[in-house]
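Undergrad: Chains A and B, in that order, give the protein sequences. Every position in the first sequence, counted from 1, becomes a number in the numbering used here once 45 is added. Every position in the second sequence, counted from 1, becomes a number in the numbering used here once 45 is added. Quick reminder that beta carbons are idealized off the backbone N, C-alpha and C, glycines included.
2 protein chains.
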Amino acid sequence: MLGAMQDWTMRVTHVIDHAAREAPDREIVTRWADGSETRTNWQGIRTDALKMAQALQALGLRKGDKVASLAMNHSRHLVSWYGVAGMGGVLHTVNPRLFDDQLEYIVNHAEDRVMVYDAAFQPIVDRMRDRWTTVEHYICFDSGEHTTSFEDWIAAQSGDFQWVAGSERDPCMICYTSGTTGNPKGVQYEHRSTVLHAMAGLQPAAFNFSASSVMLPVVPMFHAASWGLPYAGAMAGIKFVFSAVNDPAVLHDMMLKEGVTDSAGVPTVWLAHFQYCDANGIDLPPLKAATIGGSAAPKFMIERLMKNGTRVQHAWGMTETSPIGTVGGPTHDWENLSLEERVVKTMKQGRPIFGVELRTVDLDDNTKVLPRDGETSGALQIRGPWVVKRYFKAEEDAVTEGGWFDTGDVGVLHPDGTLQLTDRTKDVIKSGGEWISSVELENAAVGHPAVAEAACIGMFHPKWDERPVLFVVKKEGADCSDRDVIDYLADKVAKWWLPDAVEFVDDIPHTATGKISKKDLRDRFADYKLADG
Amino acid sequence: MLGAMQDWTMRVTHVIDHAAREAPDREIVTRWADGSETRTNWQGIRTDALKMAQALQALGLRKGDKVASLAMNHSRHLVSWYGVAGMGGVLHTVNPRLFDDQLEYIVNHAEDRVMVYDAAFQPIVDRMRDRWTTVEHYICFDSGEHTTSFEDWIAAQSGDFQWVAGSERDPCMICYTSGTTGNPKGVQYEHRSTVLHAMAGLQPAAFNFSASSVMLPVVPMFHAASWGLPYAGAMAGIKFVFSAVNDPAVLHDMMLKEGVTDSAGVPTVWLAHFQYCDANGIDLPPLKAATIGGSAAPKFMIERLMKNGTRVQHAWGMTETSPIGTVGGPTHDWENLSLEERVVKTMKQGRPIFGVELRTVDLDDNTKVLPRDGETSGALQIRGPWVVKRYFKAEEDAVTEGGWFDTGDVGVLHPDGTLQLTDRTKDVIKSGGEWISSVELENAAVGHPAVAEAACIGMFHPKWDERPVLFVVKKEGADCSDRDVIDYLADKVAKWWLPDAVEFVDDIPHTATGKISKKDLRDRFADYKLADG
Ligand SMILES: Nc1ncnc2c1ncn2[C@@H]1O[C@H](COP(=O)(O)OP(=O)(O)OP(=O)(O)O)[C@@H](O)[C@H]1O
Ligand SMILES: Nc1ncnc2c1ncn2[C@@H]1O[C@H](COP(=O)(O)OP(=O)(O)OP(=O)(O)O)[C@@H](O)[C@H]1O
Ligand SMILES: [Mg+2]
Ligand SMILES: [Mg+2]
Chain A
46 MLGAMQDWTM RVTHVIDHAA REAPDREIVT RWADGSETRT NWQGIRTDAL KMAQALQALG
106 LRKGDKVASL AMNHSRHLVS WYGVAGMGGV LHTVNPRLFD DQLEYIVNHA EDRVMVYDAA
166 FQPIVDRMRD RWTTVEHYIC FDSGEHTTSF EDWIAAQSGD FQWVAGSERD PCMICYTSGT
226 TGNPKGVQYE HRSTVLHAMA GLQPAAFNFS ASSVMLPVVP MFHAASWGLP YAGAMAGIKF
286 VFSAVNDPAV LHDMMLKEGV TDSAGVPTVW LAHFQYCDAN GIDLPPLKAA TIGGSAAPKF
346 MIERLMKNGT RVQHAWGMTE TSPIGTVGGP THDWENLSLE ERVVKTMKQG RPIFGVELRT
406 VDLDDNTKVL PRDGETSGAL QIRGPWVVKR YFKAEEDAVT EGGWFDTGDV GVLHPDGTLQ
466 LTDRTKDVIK SGGEWISSVE LENAAVGHPA VAEAACIGMF HPKWDERPVL FVVKKEGADC
526 SDRDVIDYLA DKVAKWWLPD AVEFVDDIPH TATGKISKKD LRDRFADYKL ADG
Chain B
46 MLGAMQDWTM RVTHVIDHAA REAPDREIVT RWADGSETRT NWQGIRTDAL KMAQALQALG
106 LRKGDKVASL AMNHSRHLVS WYGVAGMGGV LHTVNPRLFD DQLEYIVNHA EDRVMVYDAA
166 FQPIVDRMRD RWTTVEHYIC FDSGEHTTSF EDWIAAQSGD FQWVAGSERD PCMICYTSGT
226 TGNPKGVQYE HRSTVLHAMA GLQPAAFNFS ASSVMLPVVP MFHAASWGLP YAGAMAGIKF
286 VFSAVNDPAV LHDMMLKEGV TDSAGVPTVW LAHFQYCDAN GIDLPPLKAA TIGGSAAPKF
346 MIERLMKNGT RVQHAWGMTE TSPIGTVGGP THDWENLSLE ERVVKTMKQG RPIFGVELRT
406 VDLDDNTKVL PRDGETSGAL QIRGPWVVKR YFKAEEDAVT EGGWFDTGDV GVLHPDGTLQ
466 LTDRTKDVIK SGGEWISSVE LENAAVGHPA VAEAACIGMF HPKWDERPVL FVVKKEGADC
526 SDRDVIDYLA DKVAKWWLPD AVEFVDDIPH TATGKISKKD LRDRFADYKL ADG
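(1) At least one CB of chain B closer than 8 Å to the CB of V444/A: is that the case?
(2) Following the continuous alpha helix (DSSP H) through D93/A, name the residue where it begins and the one where it ends.
(3) What is the DSSP secondary structure of D418/B, counted as helix, strand or coil?
(4) What's the C-alpha gap between G522/B and W449/B?
(5) From the beta carbon of M244/A, is the nearest beta carbon of chain B less than 8 Å away?
(6) Using a C-beta to C-beta distance shorter than 7 Å, which residues of chain C count as neighbours of M280/B?
(7) Return the CA-CA distance between K393/A and G373/A, expressed in angstroms with no decimal places.
(8) Give me the subset of the segment 335-354 of chain B whose CB atoms are less than 8 Å from a CB atom of chain A, sorted by chain position.
(9) Taking 7 Å as the cut-off, does the CB of T558/B come closer than this to any heavy atom belonging to ligand 2?
(10) Any chance the CB of T452/B is under 7 Å from a heavy atom of ligand 2?
(11) When you measure from the CB of T138/B to every non-hydrogen atom of ligand 4, does any distance come out below 7 Å?
(12) Under 7 Å from any heavy atom of ligand 1, does the C-beta of R469/A make it?
(13) Quick check on DSSP: helix, strand or coil for G338/A?
(14) Using a Cβ-based criterion (distance less than 7 Å to any ligand heavy atom), does S367/B qualify as near ligand 2?
(15) Take the Cβ of K540/A as the centre, count every other Cβ of all protein chains shown within 10 Å, and call the residue buried at 16 or more, exposed below.
(16) Compute the Euclidean distance between the alpha carbons of W198/B and W126/B, then round it to the nearest angstrom.
(17) If we call anything under 8 Å between Cβ atoms a contact, is A68/A one with G282/A?
(18) Please go through the same chain and pick out, in chain order, the residues whose beta-carbon is closer than 7 Å to the beta-carbon of E487/B, but skip the five residues on each side of it.
(19) Can you tell me which of L350/B, T364/B, A324/B and M346/B puts its alpha carbon nearest to the alpha carbon of G339/B?
(20) Are the beta-carbon atoms of W249/A and P331/B separated by less than 8 Å?
(21) Verify the CB distance criterion: does Q233/B have a CB-CB separation below 8 Å to chain A?
(22) Mind pulling the chain A residues with CB within less than 9 Å of K434/B?
(23) Check whether the Cβ of W315/A lies closer than 7 Å to any heavy atom of ligand 1, and answer yes or no.
(24) Verify the contact flag: W177/B, CB atom, against every heavy atom of ligand 2, threshold strictly below 7 Å.
(25) The beta strand (DSSP E) with Y436/A in it runs from where to where?
(26) What does the Cβ neighbour count give for H122/A, buried or exposed, with the cut at 16 atoms within 10 Å?
(27) Would you kindly work out how many angstroms separate the C-alpha atoms of P216/B and T138/B, rounded to a whole number?
(28) In three-state terms, what does DSSP make of K302/B?
(29) At which residues does the beta strand (DSSP E) containing E235/B begin and terminate?
(30) Can you tell me whether T222/A sits near ligand 3, meaning its C-beta is under 7 Å from at least one heavy atom of the ligand?
(31) Please indicate yes or no: does the CB of M643/A lie closer than 7 Å to some heavy atom of ligand 3?
(32) If you run the structure through DSSP and keep just helix, strand and coil, what is Y127/A?
(33) Flag G362/A as yes when its Cβ comes closer than 7 Å to any non-hydrogen atom of ligand 1, and as no otherwise.
(34) So, with DSSP's three-state summary, where would you put G370/B?
(35) Distance check for P265/B and Y221/A, CA to CA, integer angstroms please.
(36) Taking beta-carbon pairs under 7 Å, can you tell me which members of the segment 251-274 of chain A lie near chain B?
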């Protein structure tokens, strides 16, 4: 060696060690399902994680073994993120909203040996127990009514433990996609990818975490690593406020009481919060920053948050990308922009953070790379250290030559690097050889004062192949006609994009992650016929 | 493989690729030594770096070869940071303020094959040319008067080049310490350490870089990788404003004209700027953030910047740590603190950013790890991925068991992780078996309205071993007596710390990096005797 820097294996344990050492007293507050509250801190989380790692070893678990969690957001769930990784294990965060068949498939596929779960999900455990063939031990986060309680379980350990060492390419977490088509697919996050993703997530252009941040993440810890917040937050030593229930009244109360500055969730979560405030005639919470992702953030949502003095971070990503790909926030010309200009900019999905790289290719010929001209839309591909190469147990890589992963999304890249997502490959509507963005139609429609939710799908048309039909749920007590909606859209989208029909429905189906399920909507209206179709 | 994330080699070329792709038009402005100005952008920097890499290969340079730069801050110097690394080479940033013997030693020790230099340093080149035995080619950044000009040299290339690939542990830069004792020592920064250091440097607790940042770094590109700013800035796609001269009038002018939001420099640089503003009866520039490091930031400096609305980031680090170790900025209780409390907090050196770890050990027994109690001071040690393991060409590692590097600094660690630097191991004054901090005495003394600069060293004392003597340079036109200074210090430090004598001098010697040179001061006063000594 002619001279070098120190060796340092990028392990997730460095993250919790850092938080416990540099921000030991910074609080982690939990509001539990039963209404009670507990407070711990980074030091406490680390101590409990050490005990949990010991307790797992005592059960016979070894490096590479998988532990499932079936839980909402709370401090004990957080302990398990670090405890399992610290034992060299892999945490499988199971989405409790999945169907039984999916729950069976993913737990068995992952070969989970231990399951830690919330008492609220006891019915799921009771129902699935016989079908989960690999699970040897059940631990309940809240109580010992039906099985060992988490607190008793770890209390039996001393916490005198050395984190299990290993390669930085070892997995530390596995998340499954929700499987809107076929079986869910497992994505293994590595120690290295997790640390890099969190380091990138800290930056001002992304979560902008500093010591003074107080974050209440509404995005669940069981989906896409909760956008990496529990890792990035630990790196910056922020205060976390968790709520095990997603009731807006509870969230609102916690936000005010605990001085919450930052929150993150999918659009429907923000929508529910708006509705709660409106119904009670109260102001939105005084948040400094709101991250919206998982689906496109509609215009009125961005505008309302900005008017509230809240910075909006519009993030795009997916389970396969750990999940942060792009984040939209203030651009360098921000101070010279009007509110309207800021809102319109933020409606796009932002720019890739250092580490990941995007490109678009032709929808019909994926060897043709498209220009970043702000106009041409194509299939969105991504590559980088926190992007999946191969799904868990898959026979082959999920990437093309050059290491690109196809996202299944359709978008436009702008010359300044901004991504504008227009649709999903499978939802885009092809009319007369041209593409119509179902997402843009939906987002325009929800701006109408009487529209609560809207979903657009393509329906067969003998002349145009497909034409858009818009399904609308009206706001409670509000009314409007199909003509009203079409008129409203008229100056917002191209004329030939206007839906051929507007259908009013009582509800729109959602996926396990709270997004509109076009697949279910298509199934429900399989026999639908256009008037001129 | 059971499923994994993508492979991604952490190379510095990803940084410039990212900047050129995601912030192609963000400007890089240079104010040259002759008063002229040029403007390029990240896209332009990358194109020129590709050409430079080609031009180096055309000269016969290969992977691992070293290229020296002898230059101030400007866009062409920046090009060479990425061009050399992109060719697989190692850039050796030479400090032009070193003595000839040191210049000879380091260039030959590094075995630099090419030297790129500013016309302003032509005298150094002329003087040293025969002594630099390994340098085969000289390229001048500004003109072709004496040798090939940089612009002509790279203009001969097409820029159609693929970055040279390699391991992430390959070196990409080498910096030498200024060698206040013995020969300078070379520290090799690796691609990996550089990327990690820059990712960490982006965060709100450190440089807080976002798309809207406009940074004028006064810290030279020839010292300690300019604190990593050229890398972190590229990751965030910030605008850079460089000045090839450090005249405060020029810096001030550029700051106002280019909308500079951030600057960084050692305390003397900030002091010179204050004096310029005072002499001309003008306000400080409206900076959002000022990073001060390299020496302790004195109280009045922090206070004045804060009153100006500027956030102060007080950074500690060294060539051996890439260099960022800790940064002091807003803590989580910031909003509840008075200005005075904020100033006092910021005088400490801040907290380690994720990646590095600190501890203190007993000054007399370095196997004894000291508590983080905010009181016990000891020898400061550091470890992490961007901390040196072995100096270039050294026979053995520079770290102790457990991988700790001894910084040569003395400090106190507080329970909340804050580092308070009290002195250097070799400057600390031992009086009657107790330690006195020379730095604290100096920093208190410069608060006196008549004191321009102060340096404190220990002088032999028959009873106490050593007693502090304070050397003071008075401000132009100001006057004070030794009694005045002692009286002023009386309520600022412990009584037994008060200097035994205050000596007024015309100047205090400085090192090549602009810091007080205690070694030279001690040499100058080698025959000094205390009155009762
Ligand atoms: N900001 C955004 N704007 C628009 N769409 C988004 C945004 N963020 C995420 N998405 C959509 O969500 C997808 C990622 O979904 P995610 O991985 O979180 O869930 P999943 O379990 O794979 O379920 P599904 O893909 O079926 O929604 C993206 O591919 C994209 O289509
Ligand atoms: N914020 C700070 N407060 C006090 N001292 C600092 C601070 N930052 C850096 N220093 C001092 O500067 C040293 C690092 O110096 P650096 O590596 O930049 O230069 P060098 O070439 O090694 O020269 P020298 O070590 O002789 O000053 C640290 O070890 C510490 O003593
Ligand atoms: Mg998906
Ligand atoms: Mg040094």
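TA: Reading it off the structure:
(1) Chain B, which has a Cβ nearer than 8 Å to the Cβ of V444/A, makes this yes.
(2) W87 to A103
(3) coil
(4) 48 Å
(5) yes
(6) No chain C appears in the structure shown, which is made up of the protein chains A and B.
(7) 7 Å
(8) none
(9) Closer than 7 Å to some heavy atom of ligand 2: that describes the Cβ of T558/B.
(10) yes
(11) Incorrect: T138/B has no Cβ contact closer than 7 Å to ligand 4.
(12) Flag set: Cβ of R469/A near ligand 1.
(13) It is a strand residue.
(14) no
(15) exposed
(16) 16 Å
(17) yes
(18) A499, A500 and C501
(19) T364/B
(20) Note that residue 249/A is Pro in the sequence shown, not Trp. In this structure, P249/A keeps its C-beta atom at 8 Å or more from the C-beta atom of P331/B.
(21) yes
(22) For K434/B, the chain A residues whose Cβ falls inside 9 Å of its Cβ are M46, G48, A49, M50, Q51 and D52, in order along the chain.
(23) no
(24) Checking every heavy atom of ligand 2 against the Cβ of W177/B, none is found closer than 7 Å.
(25) Y436/A -> no beta strand (DSSP E), and no H or E assigned at all.
(26) buried
(27) 13 Å
(28) helix
(29) G231 to E235
(30) For ligand 3, a non-hydrogen atom lies closer than 7 Å to the CB of T222/A.
(31) Outside the shown range of chain A, which is 46 to 578, sits residue 643/A, and nothing can be said about it.
(32) helix
(33) yes
(34) strand
(35) 49 Å
(36) Using a CB distance below 7 Å, the part of the segment 251-274 of chain A facing chain B consists of N253, F254, S255, A256 and S257, ordered along the chain.
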